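Our numbering applies: residue 376 is where the sequence shown begins, and numbers increase by one.
Using N, Cα and C, we set each Cβ at its ideal position, and we do this for glycine too.
All values reported here derive from a predicted model rather than from experimental measurement.
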Amino acid sequence: MPHQPTRTTLLVLCSALLLTLVAINWSPLLTLDEDVARTTHRWAVRDRGLTQTFRVLTDWVWDPVTMRLLCAGVALWLVWKRAAWWTALWLLVTCAVAAVVQQAVKAGVARHRPVWPDPVDSARYAAFPSGHAMTATVVCGLLLWLIRQHGVRGPRWYGAVALAVVSVLGVGLTRIWLGVHWFSDVLGGWLFGALVVACAVLVHERHRRSRVRA
């Protein structure tokens, strides 16, 4: 993967830039966040049926616990079917590192969530970055990479990509729609999640190359 370090560097720069803009309360970003939040909250209050559907999706289908359980299931499959102990451990450790990074950034930025007089949902902890968006990005990114490494091509590959894209974008939409995150929180979750995946892939590739040399 000759371009992987370049992509990782780009993700580092983008994540650092967004983190800085959020931390200093950059006015144009705050204005964008507020405009998006007011619009989507108005829609959420008006369309209660869709809002309830989004609550089910965000609380059960795309919830971070569900995503991490999916990773744990894949890790068990790797050990049982492939005897790929190192890859299974790599998968689990990456998910754990992502959770630590997420909570550390949340604590460091300590950004408040949107507040509404008529909320349609609630959430705990600080807002930036979105834990749902970050976890979905990490899990879907890692699993897509593993699927590709195991030779999946054609319709099955395109189906997996479509499912991952719908999950990552969909969970971000639900968090904004339900009024528990700003748009930049979700964007931060996507960026930090992609950065974790890129770093994890570099680690896995270096480990594989060192085994080949050995």
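Under 8 Å by Cβ, that's how I've got residue i and residue j pegged, so tell me the actual separation to the nearest angstrom.
i      : j      : result
VAL546 : ALA508 : 6 Å
ASP560 : SER497 : Rounded, the Cβ-Cβ distance is 15 Å, inconsistent with contact.
VAL454 : ALA463 : 5 Å
ALA573 : LEU388 : Contact doesn't hold; Cβ gap of about 12 Å is too wide.
GLY516 : ALA569 : 6 Å
GLY554 : ALA419 : 6 Å
VAL576 : TRP520 : 6 Å
VAL476 : PHE567 : 7 Å
TRP565 : THR512 : 5 Å
ARG531 : PHE503 : That pair is no contact at about 36 Å.
VAL484 : ALA501 : 6 Å
Note down the Cα distance separating residue i from residue j, rounded to an integer number of angstroms.
i      : j      : result
MET376 : PRO494 : For MET376, the predicted structure reports a pLDDT of 44, less than 50, and the residue's modelled location is therefore unreliable. A value from the coordinates is still provided. Straight-line Cα distance between these residues: approximately 46 Å.
ARG528 : ASP410 : 41 Å
ALA474 : TRP557 : 20 Å
ILE522 : HIS579 : 14 Å
VAL449 : LEU404 : 38 Å
VAL490 : ARG413 : 11 Å
ILE399 : LEU445 : 36 Å
ALA458 : LEU451 : 9 Å
ARG550 : GLN427 : 12 Å
ASP408 : THR415 : 11 Å
ARG586 : THR469 : 20 Å
ASP434 : ARG588 : 45 Å
THR384 : LEU466 : 22 Å
GLY424 : TRP460 : 45 Å
THR441 : ASP422 : 26 Å
VAL543 : GLN524 : 21 Å
PRO492 : LYS456 : 52 Å
THR510 : GLY563 : 11 Å
GLN379 : SER390 : 16 Å
THR406 : GLY526 : 45 Å
ARG488 : VAL536 : 31 Å
Along the alpha helix (DSSP H) that carries residue i, what are the first and last residues, could you check?
i      : result
VAL420 : 402–421
LEU560 : Here the sequence assigns Asp to residue 560, which means Leu is not the residue at that position. Per DSSP, ASP560 belongs to the alpha helix (DSSP H) from 558–588.
TRP452 : 439–457
SER390 : 379–398
TRP435 : From DSSP, TRP435 is part of no alpha helix (DSSP H); its letter is neither H nor E.
PRO530 : 529–552
LEU526 : The question names Leu, but residue 526 is Gly in the sequence shown. Here GLY526 belongs to no alpha helix (DSSP H), and DSSP marks it neither H nor E.
TRP465 : 460–484
Less than 7 Å separating the Cβ of residue i from some heavy atom of the ligand GDP?
i      : result
TRP465 : This structure simply doesn't include the ligand GDP, nor any ligand for that matter.
Cβ contact check for the region 582–589 and the region 380–395: 3 or more pairs under 8 Å: Segments in contact, no.
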